[in-house]
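I have placed the structure first, in the form of structure tokens, so that the comments after it can refer back to it.
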Amino acid sequence: MEFSILEKIISSVIIHNGKDSITKFIWHGGEPLLAGLDFYMKVVDFQNNFKKDGYRILNAIQTNLTLLNDEFIDFFIKNEFGVGTSLDGTKELHDKNRCNSFDKVFKNLHYAKSKGLHVGVICILTKETLPHIEEIYSFFRDNNIDFTLSPVIPNSRYSEFILTTDEYYIALKQLFDLWYLDENCKIRVNPCGSIIQSILLKGINLSCIHSENCLNHFLTFLPNGDVFPCNRFTDYEQFKIGNISNMTFTEILKSEKRSELLSRTIETINACRKCEFRQYCKGGCMNHAYEFYQTIYERDYYCQSFFKIFQYINEKVNVSINKAKRQI
């Protein structure tokens, strides 16, 4: 990405959000560490021009960790970058789909932690790893690693590889029971934790897929300045919102394409209108809907999984609350 584009993105977003909001930049790839340390030093330099005027800015980066070194670690700690990676459980499970990268990723993850850099993990659930939920949970718990279990993205073009809604629900239920009943567990496990949060806070959920319309909170910028609703849509030109190189940020926000995408709400999805968990689920992921149904005006492919797990966790949480009340 040219520095002129980078500077315009950073300044446009920060100024739009203002001093009363927190602006968060999430650096993705490909592999974002390939951009080099100088790139992120430039990022921080641009942002510091606004921080000194009272703007609040956060950064996070999603990396496979294979290029992580002491310079990056020290930089991320000093500049308070959140760091995430992908690790699909044990070596045997991870290396099935990750080109034998487990040893390098696991070594660098632990080294980063030993230096004081927290690394969160996304664990992708596939049909191959589906029978190993207990093994996956035990691995992360025993290694004191926070993780989020995410299903493979549904796509009608390769439906034989994706989970059924029942398979995903059963996996989530098993994971929740392992975590919720484990009094010695000290790690954060999502989406279990975020679902409990949503239930207790009446629909407030930090997960992007349950934020009703993520376009209210997220935009994705490509190196050439193209703007998309999120990184999952960048392969589809019809979802391009604009380009920061030849448009103002206000023009991008008011574009016809963005307005069209913002029209997807739980009121425009038939299956959501009478759902008892609509305030928690909010229709799920727009990309999950599009990938499987070829329209954004459908519910998330994993809708039935979410409905059942919200129902199950809601019952468990209410039992715990009522039990606690009786002990007061």
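To convert a position in the sequence shown, counted from 1, into our numbering, add 7. Glycine residues also receive a C-beta, built at the ideal position from the N, C-alpha and C atoms. Keep in mind the model is a prediction, meaning the values are calculated, not measured.
In angstroms, rounded to a whole number, what distance separates the CA positions of residue i and residue j?
{"i": "residue 58", "j": "residue 17", "result": "12 angstroms"}
{"i": "residue 53", "j": "residue 93", "result": "29 angstroms"}
{"i": "residue 84", "j": "residue 124", "result": "6 angstroms"}
{"i": "residue 228", "j": "residue 145", "result": "37 angstroms"}
{"i": "residue 237", "j": "residue 331", "result": "41 angstroms"}
{"i": "residue 221", "j": "residue 269", "result": "9 angstroms"}
{"i": "residue 232", "j": "residue 43", "result": "19 angstroms"}
{"i": "residue 98", "j": "residue 150", "result": "13 angstroms"}
{"i": "residue 106", "j": "residue 224", "result": "34 angstroms"}
Please state if the CB of residue j and the CB of residue i are separated by a distance shorter than 9 angstroms.
{"i": "residue 119", "j": "residue 64", "result": "no"}
{"i": "residue 71", "j": "residue 33", "result": "no"}
{"i": "residue 156", "j": "residue 179", "result": "yes"}
{"i": "residue 324", "j": "residue 207", "result": "yes"}
{"i": "residue 100", "j": "residue 136", "result": "yes"}
{"i": "residue 284", "j": "residue 240", "result": "no"}
{"i": "residue 131", "j": "residue 298", "result": "no"}
{"i": "residue 319", "j": "residue 113", "result": "no"}
{"i": "residue 226", "j": "residue 194", "result": "no"}
Locate the alpha helix (DSSP H) running through residue i, then write down its first and last residues.
{"i": "residue 200", "result": "199–207"}
Starting from residue i, follow the beta strand (DSSP E) in both directions and report where the run begins and ends.
{"i": "residue 33", "result": "29–34"}
{"i": "residue 155", "result": "154–158"}
Using DSSP's beta-bridge definition, name the partner residues of residue i.
{"i": "residue 149", "result": "Answer is none; residue 149 lacks a bridge partner."}
{"i": "residue 67", "result": "33 and 89"}
{"i": "residue 260", "result": "According to DSSP, which records beta bridges pairwise, residue 260 is partnered with nothing at all."}
{"i": "residue 4", "result": "One cannot answer for residue 4 here, as it falls past the ends of the chain, which runs 8 to 335."}
{"i": "residue 126", "result": "90"}
{"i": "residue 131", "result": "157"}
{"i": "residue 250", "result": "233"}
Does the Cβ of residue i have 16 or more other Cβ atoms within 10 Å, making it buried, or fewer, making it exposed?
{"i": "residue 243", "result": "exposed"}
{"i": "residue 289", "result": "buried"}
{"i": "residue 316", "result": "buried"}
{"i": "residue 168", "result": "exposed"}
{"i": "residue 217", "result": "buried"}
{"i": "residue 276", "result": "buried"}
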